[in-house]
Amino acid sequence: MKSRLFCTLFMLSIAISIFAQSPYISRVFEFMPAPGQFVNNMPYYDMGDTRQVMARKAEECLADDARVVVSLGSYGGYVVFGFDHAVENRPGQMDFEILGNAFYSNANVSNNKQGGSCEAGIVMVSHDDNGNGLPDDEWYELAGSDYHNPGTIKHYSITYYRPAKDKQPTPDPSNPAISDTSYIAWRDNQGQQGYVQRNAYNSQSYWPEWVDADSLCFQGTLLPKNAVDESGLGTYYVLYAFDWGYADNHPNTDARSSFNIEWAVDGDGKSVNLPSIHFVKVYTALNQTCGWLGETSTEVMGANDLHLLNRQIDDTTPVQHPTMSQGSFRGDETRYTMLNGVRVNSPTASGIYIEHSPNGLRKLIVR
Ligand SMILES: [Ca+2]
Ligand SMILES: [Ca+2]
Ligand SMILES: [Ca+2]
Numbered sequence: 000m001k002s003r004l005f006c007t008l009f010m011l012s013i014a015i016s017i018f019a020q021s022p023y024i025s026r027v028f029e030f031m032p033a034p035g036q037f038v039n040n041m042p043y044y045d046m047g048d049t050r051q052v053m054a055r056k057a058e059e060c061l062a063d064d065a066r067v068v069v070s071l072g073s074y075g076g077y078v079v080f081g082f083d084h085a086v087e088n089r090p091g092q093m094d095f096e097i098l099g100n101a102f103y104s105n106a107n108v109s110n111n112k113q114g115g116s117c118e119a120g121i122v123m124v125s126h127d128d129n130g131n132g133l134p135d136d137e138w139y140e141l142a143g144s145d146y147h148n149p150g151t152i153k154h155y156s157i158t159y160y161r162p163a164k165d166k167q168p169t170p171d172p173s174n175p176a177i178s179d180t181s182y183i184a185w186r187d188n189q190g191q192q193g194y195v196q197r198n199a200y201n202s203q204s205y206w207p208e209w210v211d212a213d214s215l216c217f218q219g220t221l222l223p224k225n226a227v228d229e230s231g232l233g234t235y236y237v238l239y240a241f242d243w244g245y246a247d248n249h250p251n252t253d254a255r256s257s258f259n260i261e262w263a264v265d266g267d268g269k270s271v272n273l274p275s276i277h278f279v280k281v282y283t284a285l286n287q288t289c290g291w292l293g294e295t296s297t298e299v300m301g302a303n304d305l306h307l308l309n310r311q312i313d314d315t316t317p318v319q320h321p322t323m324s325q326g327s328f329r330g331d332e333t334r335y336t337m338l339n340g341v342r343v344n345s346p347t348a349s350g351i352y353i354e355h356s357p358n359g360l361r362k363l364i365v366r
């Protein structure tokens, strides 16, 4: 009798553990940092580790609220993680938060702005449309405060080149902290080129050791540089925070470390309506070097589903997308506006549209 009771309790506990949802990251699917001074150390690379092993190591850092910092390296470096359930998109509310290691300096910050070590990463979300539990579905960027900033570059791409084994370092004679000014070369699609510099503090390889290829390419949206050398002497840099909508951009206790799935846009910048998401991608959104501080790199140490934690954070950010009153159509054409104000040429996805035609406005429901 006793054993039957034990057996029943055991089965019950299995059932509960199967159906209980965790508010924390459950899996890391991909971890691909761009070259940087903490690469191969956060997490640590052991000889022979594969891409899969490194993803598992990143998972050990981030899953189940472990809160160990993972560094994404220079521009484009990324991590893709997921939850054990769909994170709901509640209207008007933030839905999840991402923890990084951003902090504000308390000295020499200009004009009372918030700044310090704010290394913004862009956040993308995806819904498991094909239901296979893998992040092989459409991705959408969460349009943060600087999505429409004229200094922000969409469709940016950059390629880093593996340094030769016998590369001779070129130290900076005026700055002993920089041991190789020409360490890892990069070129971008804006006609710019430069180097990820090596510094005296981190002597391991800055090239992800588990990557055999001789070059690494990353794409995405590039934010305008946010660092200011407040000393004027290269000794004191302040990286100013963007307003909202980026990872590792405000301290973890700040509500601006949280995200609203309603900010999702497609590749053309059109708003998309996602009822929930399963996967999140974070990538370093700045291509910037700050002397002895080195390259700017986003760090991540976890993510939480705010709804499962019963934390309600209202979205008080300004609406970014054009409203109906801002959009005007020529009188001789028929066009459509989605309820969030975004204009489209034809109503393709299901939803409610306002049809603008020479005969006036008409509400249109597409199923
Ligand atoms: Ca929401
Ligand atoms: Ca999928
Ligand atoms: Ca950071």
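Per numbering that gives the first Met the number 0, residue 0 is the first one in the sequence shown, and the count goes up by one each step. Ideal Cβ positions, reconstructed from N, Cα and C, are used throughout, including at glycine.
Given residue 83 as reference, the closest of 247, 18 and 92 once Cα atoms are compared: That would be 18, whose Cα lies nearest to the Cα of residue 83.
CA-to-CA distance, residue 81 to residue 300, given in whole angstroms: So the alpha carbons of these two residues sit roughly 14 Å apart.
Whole runs of the alpha helix (DSSP H) within the stretch 2–86, excluding any shorter than 4 residues: Whole alpha helix (DSSP H) segments, 4+ residues: 50–61.
6 Å Cβ shell around residue 306 - same chain, five flanking residues per side excluded: 87.
Ligand 3 heavy atom lying under 7 Å from the CB of residue 99: It does: the Cβ of residue 99 is within 7 Å (strictly closer) of some heavy atom of ligand 3.
Helix, strand or coil at residue 330 [DSSP, three-state]: Caution is warranted here: a pLDDT of 44 is assigned to residue 330, below 50, making its placement in the model unreliable, and no coordinate value can be reported.
Of the listed residues 213, 286, 257 and 24, nearest to residue 58 (C-alpha basis): Per the C-alpha coordinates, the member of 213, 286, 257 and 24 positioned closest to residue 58 is 24.
Ligand 3 heavy atom lying under 7 Å from the CB of residue 253: No - ligand 3 has no heavy atom lying nearer than 7 Å to the Cβ of residue 253.
Where residue 147 falls, given that 16 or more other Cβ within 10 Å makes a residue buried: The residue in question, residue 147, is exposed, as its Cβ has fewer than 16 Cβ neighbours within 10 Å.
Per-residue DSSP class, three states only, for residue 284: Correct three-state label for residue 284: coil.
Segment limits, beta strand (DSSP E) that includes residue 187: If you look at residue 187, you'll find it in the beta strand (DSSP E) that goes 177–187.
Rounded straight-line distance, which links the Cα of residue 316 to that of residue 350: Rounded to the nearest angstrom, the gap between the Cα atoms of residue 350 and residue 316 is 24 Å.
Backbone CA spacing between residue 156 and residue 185 [nearest angstrom]: Distance between residue 156 and residue 185, taken at the CA atoms: about 10 Å.
Near ligand 2: residue 344 beta-carbon under 7 Å from a heavy atom: Flag unset: Cβ of residue 344 not near ligand 2.
Residue interval of the beta strand (DSSP E) (run including residue 152): 152–160 is the span of the beta strand (DSSP E), which, as asked, contains residue 152.
Proximity of residue 119 and residue 228 at Cβ, strictly below 8 Å: No, the pair does not count as a contact, with Cβ atoms beyond the cut-off.
Residues bridged to residue 257 [DSSP beta-bridge criterion]: In the DSSP assignment, residue 257 is bridged to 96.
Straight-line Cα distance separating residue 261 from residue 89: Taking the straight line from one Cα to the other gives about 9 Å.
Spatial neighbours of residue 134 in its chain, beta-carbon cut-off 8 Å, leaving aside the 5 residues before and after: The beta carbon of residue 134 is closer than 8 Å to those of 28, 29, 79, 81, 125, 127, 277, 278 and 280 in its chain, skipping five residues each way along the sequence.
Residue 118 CB to nearest heavy atom of ligand 3 below 7 Å: The closest heavy atom of ligand 3 lies less than 7 Å from the beta carbon of residue 118.
beta-carbon residue 297 near ligand 3 non-hydrogen atom, thresh 7 Å: Proximity of the beta carbon of residue 297 to ligand 3 is indicated: a heavy atom of the ligand is located closer than 7 Å.
Three-way DSSP call (helix, strand, coil) for residue 222 in this model: Note: residue 222 maps to coil in three-state DSSP.
Sequence-distant residues of the same chain with beta carbon closer than 6 Å to residue 225, five excluded per side: Annotation for residue 225: 238 and 239 place their beta carbon closer than 6 Å to its own, counting only its chain and skipping 5 residues before and after.
Outcome for residue 3 when other beta-carbon atoms lying within 10 angstroms are tallied against a minimum of 16: Residue 3 is exposed by the Cβ-count criterion.
Classification of residue 197 by the beta-carbon crowding that lies within 10 angstroms, buried from 16 upward: Residue 197 should be labelled buried.
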